[in-house]
Amino acid sequence: MDNKINWDELGFGFMPVKSNIRFSYRDGKWSDPVLTSSYDITLNVAANCLHYGQAIFEGGKAFTCSDGRVCIFRPDENAKRLNSSARYLQMPAIDEKAFVEAVRAVVRDNIEFVPPYGTGGALYIRPVMFGTSPQIGVNASKNYELIIMVVPVGAYYKGGIKPVRAMIPTDLDRAAPHGTGHIKAAGNYAASLYPSRLAHDMGCSVALFLDPREHKYIDEFGTSNFIGITRDGVYVTPKSPSVLPSITNKSLSQVAEDLGIKVERRPVAVTELADMAEVGACGTAVVITPVGEIVYGDKVFKYGDTIGPVLQKLYDALVGIQHGTRPDIHHWLFEA
Ligand code: PLP
Ligand code: COI
Numbered sequence: 000m001d002n003k004i005n006w007d008e009l010g011f012g013f014m015p016v017k018s019n020i021r022f023s024y025r026d027g028k029w030s031d032p033v034l035t036s037s038y039d040i041t042l043n044v045a046a047n048c049l050h051y052g053q054a055i056f057e058g059g060k061a062f063t064c065s066d067g068r069v070c071i072f073r074p075d076e077n078a079k080r081l082n083s084s085a086r087y088l089q090m091p092a093i094d095e096k097a098f099v100e101a102v103r104a105v106v107r108d109n110i111e112f113v114p115p116y117g118t119g120g121a122l123y124i125r126p127v128m129f130g131t132s133p134q135i136g137v138n139a140s141k142n143y144e145l146i147i148m149v150v151p152v153g154a155y156y157k158g159g160i161k162p163v164r165a166m167i168p169t170d171l172d173r174a175a176p177h178g179t180g181h182i183k184a185a186g187n188y189a190a191s192l193y194p195s196r197l198a199h200d201m202g203c204s205v206a207l208f209l210d211p212r213e214h215k216y217i218d219e220f221g222t223s224n225f226i227g228i229t230r231d232g233v234y235v236t237p238k239s240p241s242v243l244p245s246i247t248n249k250s251l252s253q254v255a256e257d258l259g260i261k262v263e264r265r266p267v268a269v270t271e272l273a274d275m276a277e278v279g280a281c282g283t284a285v286v287i288t289p290v291g292e293i294v295y296g297d298k299v300f301k302y303g304d305t306i307g308p309v310l311q312k313l314y315d316a317l318v319g320i321q322h323g324t325r326p327d328i329h330h331w332l333f334e335a
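Positions 0 to 335 (numbering that gives the first Met the number 0) are the ones given, in order, by the sequence shown.
If you want it as structure tokens, here you go:
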């Protein structure tokens, strides 16, 4: 296939590729996965994913390494988190090895859509699982689909690693709906759209959510986890039941420790924003996006208009491992 993609212009948008891969759950078991070129699904209007939101998803990436190999970053962690989300929403677990093999198969089948080494792009991997049985009572579905689609992507926030503005929405008349909680589920993100709109209206790219009970502690961004670097160079990230356990944050915490940077996972008071030297958003889609400013009511916290030295070091280390230019000492890469 001649895909004619301009790799340097890629953002984070949908484009059709050659195939996606699908598992179906019927009579209490998952089918073998099947590759298909179709993007269509047939859904009964009474399917509970439409009414009650029994739908979860994941996000991962495959990269072209400097030696030409195509490698997937930690798909085993996506399998574990998908199953954890499935447990919360009473959906069936998938065999982790079968999931990883299906990811490898769909990446291989779409190999010409993996951005070349040096372009800064990646093949984004988006598994989505949803209940399909027609029903009207609030019950778990009997049947499910798990579809793993892929799409070539560049930077999530335009400008690569140029700092973005963030806003903490304060004028909501209820607890701020945070990004996700422990699960990565379709409905949670819809609840973050209104606060994200408020942020966009203030010229900010992303909303930063506080804990929904007291509004005193930082939870996470609408798209990603929060990392603060203190003035004495400590990596601080919120410990909160409302925060999605980010695979990127977990990886960066390990990378930080490998680099001799102290890591603290603890409640982070919003008042600490005044003393942070660097702030970043981290996740599969956003990688590490430096945050240059945080608007919080009538206060504005500023962190500079270029990425800070500690976040740059972490960014280089993570991206180096993902592209095979730094040793993969923790065995995070799975060759497609
Ligand atoms: N937090 C939220 C709300 C997210 O949507 C994401 C991305 O999926 C993350 C955190 C980062 O998670 P990960 O690093 O596993 O992509
Ligand atoms: C990811 O980083 O994989 C996500 O799912 C975040 C989403 C906002 C695109």
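Ideal Cβ placement from N, Cα and C applies to all residues, glycine included.
DSSP state of residue i mapped onto helix, strand, coil
i: residue 13; result: coil
i: residue 331; result: coil
i: residue 322; result: coil
i: residue 177; result: Because the pLDDT of residue 177 is 47, which lies under 50, any placement of that residue in the model is unreliable, and the question is left without a value.
i: residue 4; result: coil
i: residue 246; result: helix
i: residue 33; result: strand
i: residue 256; result: helix
i: residue 82; result: helix
i: residue 77; result: helix
i: residue 172; result: Model confidence at residue 172 stands at a pLDDT of 49, short of 50, so the residue's coordinates are unreliable and nothing is read from them.
i: residue 155; result: coil
i: residue 270; result: helix
i: residue 346; result: Within the shown structure, residues of the chain are numbered from 0 to 335, placing residue 346 beyond reach of any answer.
i: residue 45; result: coil
i: residue 312; result: helix
i: residue 111; result: helix
i: residue 139; result: coil
i: residue 88; result: coil
i: residue 52; result: coil
i: residue 188; result: helix
Spatially closest choice to residue i from the options, by CA coordinates
i: residue 305; options: 158, 204, 215 and 316; result: 158
i: residue 283; options: 153, 290, 197 and 218; result: 153
i: residue 231; options: 322, 262 and 245; result: 262
i: residue 165; options: 138, 112 and 222; result: 222
i: residue 330; options: 265, 297, 250 and 27; result: 250
i: residue 206; options: 45, 163, 136 and 92; result: 163
i: residue 237; options: 71, 46, 134 and 280; result: 280
i: residue 167; options: 201, 186, 333 and 63; result: 201
i: residue 78; options: 14, 246 and 28; result: 246
i: residue 52; options: 130, 16, 255 and 327; result: 130
i: residue 18; options: 54, 24 and 150; result: 150
i: residue 143; options: 7, 108, 320 and 24; result: 24
i: residue 184; options: 225, 127 and 47; result: 127
i: residue 63; options: 315, 194 and 111; result: 111
i: residue 90; options: 29, 69, 109 and 147; result: 29
i: residue 137; options: 192, 49, 160 and 212; result: 49
i: residue 22; options: 308, 32, 38 and 148; result: 32
i: residue 97; options: 13, 145 and 240; result: 145
i: residue 16; options: 40, 147 and 41; result: 147
i: residue 312; options: 335, 288 and 298; result: 288
Enclosing alpha helix (DSSP H) for residue i [first to last residue]
i: residue 388; result: There is no way to answer for residue 388, as the model of the chain reaches only from 0 to 335.
i: residue 95; result: 95-108
Cβ-based neighbour list, residue i, same chain, cut-off 8 angstroms, excluding 5 preceding and 5 following
i: residue 272; result: 217, 227, 278, 293, 295 and 300
i: residue 95; result: 75, 78, 79 and 82
i: residue 204; result: 156, 163, 164, 165 and 198
i: residue 224; result: 236, 237, 242, 243, 245, 247, 248, 280, 281 and 282
i: residue 85; result: 55, 91, 92, 93 and 128
i: residue 104; result: 20, 32 and 34
Host beta strand (DSSP E) of residue i (start-end)
i: residue 225; result: 224-229
i: residue 218; result: 217-220
i: residue 68; result: No beta strand (DSSP E) holds residue 68; DSSP gives it neither H nor E.
i: residue 281; result: 275-282
i: residue 23; result: 19-25
i: residue 38; result: Run containing residue 38: none; DSSP gives neither H nor E here.
i: residue 213; result: Careful: residue 213 lies outside any beta strand (DSSP E) and carries neither H nor E.
i: residue 296; result: Segment: none, residue 296 is in no beta strand (DSSP E) and carries neither H nor E.
i: residue 63; result: 59-63
i: residue 237; result: 234-237
i: residue 167; result: 163-167
i: residue 262; result: 262-265
Minimum Cβ-Cβ distance from residue i to chain D less than 8 angstroms
i: residue 86; result: Reference to chain D is not applicable here, since this structure consists of a single protein chain.
Chain-order list of residues whose beta-carbon lies under 6 angstroms from that of residue i (same chain, five-residue window excluded)
i: residue 333; result: 71 and 74
i: residue 197; result: 168
i: residue 47; result: 53, 130, 134 and 140
i: residue 220; result: 205, 207 and 280
Same chain only: Cβ atoms within 7 angstroms of residue i, ignoring 5 sequence neighbours per side
i: residue 65; result: 116, 322, 323 and 324
i: residue 9; result: 114, 120, 151, 152 and 153
i: residue 88; result: 53, 55, 182 and 184
i: residue 327; result: 320
i: residue 186; result: 52
i: residue 60; result: 72, 121, 122, 123, 124 and 283
i: residue 210; result: 216, 218, 239 and 241
ask   = For ligand 2, which residues count as neighbours when the test is a C-beta closer than 5 angstroms to any heavy atom?
value = 58, 222, 282, 283 and 284
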